[in-house]
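Reviewing the structure listed below.
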Amino acid sequence: MPSLKNIETEAPPEQPARAVFDTGFYILALSALAAGVLVVVLKGWDRALEIAQDEMMFMAVLAPKIAAGMFIAATLPLLLPRDKVAIWIGRESGMRGLLLAAFAGAAIPGGPAMTFPLAASFGLVGADVGAIMAFVSSWALLSLNRTLIWEFSFLPVDLVWWRVLLCLPFPILIGLAARAVFGGRDA
Numbered sequence: 000m001p002s003l004k005n006i007e008t009e010a011p012p013e014q015p016a017r018a019v020f021d022t023g024f025y026i027l028a029l030s031a032l033a034a035g036v037l038v039v040v041l042k043g044w045d046r047a048l049e050i051a052q053d054e055m056m057f058m059a060v061l062a063p064k065i066a067a068g069m070f071i072a073a074t075l076p077l078l079l080p081r082d083k084v085a086i087w088i089g090r091e092s093g094m095r096g097l098l099l100a101a102f103a104g105a106a107i108p109g110g111p112a113m114t115f116p117l118a119a120s121f122g123l124v125g126a127d128v129g130a131i132m133a134f135v136s137s138w139a140l141l142s143l144n145r146t147l148i149w150e151f152s153f154l155p156v157d158l159v160w161w162r163v164l165l166c167l168p169f170p171i172l173i174g175l176a177a178r179a180v181f182g183g184r185d186a
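Below is the structure:
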């Protein structure tokens with residue numbers, strides 16, 4: 000039986016301060032700027048402005064979804080009991096935790112604006128890195144929503160079944176690899 004910390008009397012560990020703009024942001028910003036300059040040079044200002052307007056409309060549509068995902072990520076840790084989450088998908092959950100996380104990842108509907116904040120909130124309430132990786136990779140590889148609605152509608156049935164069968168072990172393998180690399184620590 001795993002022993003759990005007394006979370007009511009022990010304060011959570013201090014999180015290190017993170018820079019608002021990190022290296023990844025600068026790489027992305029420079030790549031976008033270079034692509035914009037390339038469009039202006041090759042296609043002209045009119046095409047660059049048309050693309051910028053389309054992307055602003057896309058961001059306006061996407062912003063509420065991101066806000067909802069962030070709301071879920073902020074409130075879910077307040078609703079989920081940390082000790083139960085730690086038992087089910089925490090460091091000591093073993094293979095059962097990876098299977099449960101993989102099943103949840105495959106079953107959850109929605110896109111990345113829902114899945115990634117949900118995965119982050121699982122990490123805040125006691126899930127280990129392996130379970131989070133199994134959850135996210137299962138969502139990416141085995142999403143029932145995508146498989147049932149899109150793949151079976153447009154692709155040959157045998158192709159879909161082969162894809163699912165070939166992808167089936169990967170969320171567990173990815174979770175095991177993450178536990179090996181990160182030592183099974185909490186997210």
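Residue numbers (numbering that gives the first Met the number 0): 0 to 186. From the three backbone atoms N, C-alpha and C, an ideal C-beta is built for every residue, glycine too. None of these values were measured; they are calculated from a predicted model.
Alpha helix (DSSP H) runs wholly inside the region 138-162, at least 4 long, in chain order: Fully enclosed alpha helix (DSSP H) runs of 4 or longer: not present.
With distances taken between CB atoms, is the gap from A112 to G43 smaller than 8 Å? The answer is no: Cβ separation not under 8 Å.
Leaving out five residues before and five after V180 in sequence, what residues of the same chain have Cβ atoms less than 7 Å from its Cβ? Apart from the 5 residues on each side of it in sequence, V180 has no Cβ closer than 7 Å to any other Cβ in its chain.
Output the boundary residues of the alpha helix (DSSP H) element that contains R81. Here the alpha helix (DSSP H) through R81 covers 81-88.
Contact between the region 123-132 and the region 96-107 is defined here as three or more beta-carbon pairs at a separation below 8 Å; is this criterion met? Result yes; three or more Cβ-Cβ pairs closer than 8 Å.
D53 by DSSP, collapsed to three states: which one? Taken through DSSP and simplified to helix, strand or coil, D53 comes out as helix.
Can you say whether I26 is buried or exposed, counting buried as having 16 or more other CB atoms within 10 angstroms of its CB? I26 is exposed by the Cβ-count criterion.
Helix or strand or just coil, what does DSSP make of D45? It is helical.
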